[in-house]
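Asker:
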Amino acid sequence: PMLTPHPHLLLYPFMILAMWGILMTSSICLRQVDLKALIAYSSVSHMGLVAAAILTQTPWGLTGAMTLMIAHGLTSSALFSLANTNYERTHTRTLLLIRGLQLAMPLMSTWWLLICLTNMALPPSINLIGELLIITTLFNWSSFTIILTGIGTLITASYTLYMFLMTQRGAISTQFRLLSPTQTREHLLMMLHLLPLGLLIMKPSLITGLITC
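Position one of the sequence shown corresponds to residue 29 (this note's numbering), numbered consecutively onward.
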């Protein structure tokens, strides 16, 4: 193990802080009105899982932490890129003002859907492997953690769907009558984010082998 405090009970406050941070930052996402702030708090929530997994000091925990860090790094980067694509056209990050963009940019809405599903760790994304390894490790460490991780996963799905519905569905704001069409470079950027997420699930040992070998 990387951390060997004596006694081992010294790890408990840090573990509780990490688990509590997952719930708190996820809950903050549910009441965000700023798109980029929502994505940023989402990353903090996921890193709480990573911190908790590292504190277990087990091979599965470290493997799950490494997997989720790489997977969410790509996912979070893609979400920020999508948010910037919206901002370049609307010049606002307020969720109430940028709704209905599916009508103006239908192909970009498809990227939003795929990235949001990845953020929720739906298969066949590599995010699923990372979260399953972490949740299994935490449950093995203490069965009580399944309640906290379960609630955290539920809230994550809730605010991700909230983000997608607020930006893509509904009537488009009257102040955005003419929006410039999406460009090839923007679609290429999204593809370069999603392609590794899809391909890594076919050979996850590229990540997991870093810990297990």
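Glycine residues also receive a C-beta, built at the ideal position from the N, C-alpha and C atoms. Predicted model, so just to flag it, every value in this text is computed and none were measured.
Nearest by alpha-carbon distance to residue 170: which of 62, 75, 80 is it?
Answerer: 80
Asker: Are the Cβ atoms of residue 180 and residue 98 separated by less than 8 Å?
Answerer: no
Asker: If I follow the unbroken alpha helix (DSSP H) through residue 61, where does it start and stop?
Answerer: Segment: none, residue 61 is in no alpha helix (DSSP H) and carries neither H nor E.
Asker: Please classify residue 126 as buried or exposed, where buried requires at least 16 other C-beta atoms within 10 Å of its C-beta.
Answerer: buried
Asker: Between the alpha carbons of residue 187 and residue 55, how many angstroms are there, rounded?
Answerer: 8 Å
Asker: Buried or exposed: where does residue 159 fall if 16 or more other Cβ atoms within 10 Å of its Cβ makes it buried?
Answerer: buried
Asker: Quick one: what does DSSP say residue 122 is sitting in, helix, strand or coil?
Answerer: Taken through DSSP and simplified to helix, strand or coil, residue 122 comes out as strand.
Asker: Taking only three categories from DSSP, how would you classify residue 241?
Answerer: With a pLDDT of 44 at residue 241, under the threshold of 50, the modelled position of this residue cannot be trusted; read the value that follows with caution. Residue 241: coil per DSSP, three-state reduction.
Asker: What's the C-alpha gap between residue 206 and residue 198?
Answerer: Approximately 17 Å, taken between the alpha carbons.
Asker: Using only alpha-carbon positions, find the residue among 132, 92, 43 that is nearest to residue 210.
Answerer: Looking at the Cα atoms, 132 is the closest of the given residues.
Asker: Tell me whether residue 160 counts as near the ligand FAD, meaning its Cβ is closer than 7 Å to at least one heavy atom of that ligand.
Answerer: Because no ligand of any kind appears in the structure shown, any question about the ligand FAD cannot be addressed here.
Asker: Quick one: any contact between the stretch 52-67 and the stretch 106-123, if contact means 3 or more CB pairs under 8 Å?
Answerer: The stretch 52-67, when compared against the stretch 106-123, does touch it at the 8 Å Cβ threshold.
Asker: Does the beta-carbon of residue 74 have 16 or more other beta-carbons within 10 angstroms, so that it is buried, or is it exposed?
Answerer: buried
Asker: Considering only the alpha carbon of each residue, which of 129, 219, 83, 221 lies closest to residue 37?
Answerer: 83
Asker: Quick one: grab the DSSP three-state call for residue 198.
Answerer: coil
Asker: Determine the direct distance from the alpha carbon of residue 154 to that of residue 241, and round the result to whole angstroms.
Answerer: Any reading at residue 241 must be qualified, since the residue scores a pLDDT of 44, below 50, and its modelled position is unreliable; no value is offered.
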